[in-house]
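Engineer: The sequence shown begins at 8 in the numbering used here and counts up one residue at a time. What follows is a single structure, and I will ask about it in a moment.
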Amino acid sequence: MRKITLNGKTYKLELTLDNLRDFGFVPNKFGENTELLSNIVAGLNLGDAFTLIDTLSKLLKRYKVKERDVEQAVIHDKNNGNLYKVLIDFFKTEPLTKQMMKTINPMITEAFNKIKKPMEQMAPQK
């Protein structure tokens, strides 16, 4: 089980059916659910702060952590870049998303690698 620390408090990350509903997952809508998870993982891979805050808020809902508290923690945490990786790894290992991640993560990784190469080539040389 993964743990994260925000505002000095440690929380266990656990994905429940209620969390999936909060994210918008719907029973028997495989295509839509895969697209939702793909969007979340893509946002996390891009380092999108809104995706990070939204995802953490939904996962920490059972602890009654408010979104504004998550937002403040993310803004003030100098190691928040690690949170993106923790969440991606979390979705890869959680029983409710593990199988979908096996399908979508290689495609997302490949797409980001294609984007990254030209960007690195355009970057000024040091």
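Backbone N, C-alpha and C define an ideal beta-carbon position, used for all residues, glycine too.
Candidates ARG69, GLY88, GLY38: which alpha carbon is nearest ASP25's?
Structural biologist: Out of ARG69, GLY88, GLY38, ARG69 has the C-alpha closest to the C-alpha of ASP25.
Engineer: Note the first and the last residue of the continuous beta strand (DSSP E) segment covering THR17.
Structural biologist: 16-19
Engineer: Measuring only from the beta carbon, is VAL81 closer than 7 Å to any heavy atom that is part of the ligand FMN?
Structural biologist: Absence of the ligand FMN from the depicted structure is noted, as is the absence of any ligand whatsoever, leaving it without description.
Engineer: Per the contact definition of three or more C-beta pairs closer than 8 Å, is the region 38-51 in contact with the region 69-84?
Structural biologist: No, the region 69-84 is not in contact with the region 38-51.
Engineer: Check the C-beta distance from GLU42 over to VAL33 and give it rounded, since I have them as a contact under 8 Å.
Structural biologist: Between VAL33 and GLU42 the Cβ distance is about 11 Å, and since that is not below 8 Å, they are no contact.
Engineer: Of the residues ILE82, SER45, THR62, PHE57, which one's Cα is nearest the Cα of LEU94?
Structural biologist: THR62
Engineer: Quick one: Cα of LEU67 to Cα of ASN112, how far?
Structural biologist: 23 Å
Engineer: Excluding five sequence neighbours on each side, which residues of the same chain lie with their C-beta closer than 8 Å to the C-beta of VAL5?
Structural biologist: What is shown of the chain runs 8 to 133, which leaves residue 5 out entirely.
Engineer: Measuring only the C-alpha atoms, how far is LYS88 from GLY54?
Structural biologist: One detail in the question is off: residue 88 reads as Gly in this sequence, not Lys. A direct Cα-to-Cα measurement between GLY88 and GLY54 gives close to 8 Å.
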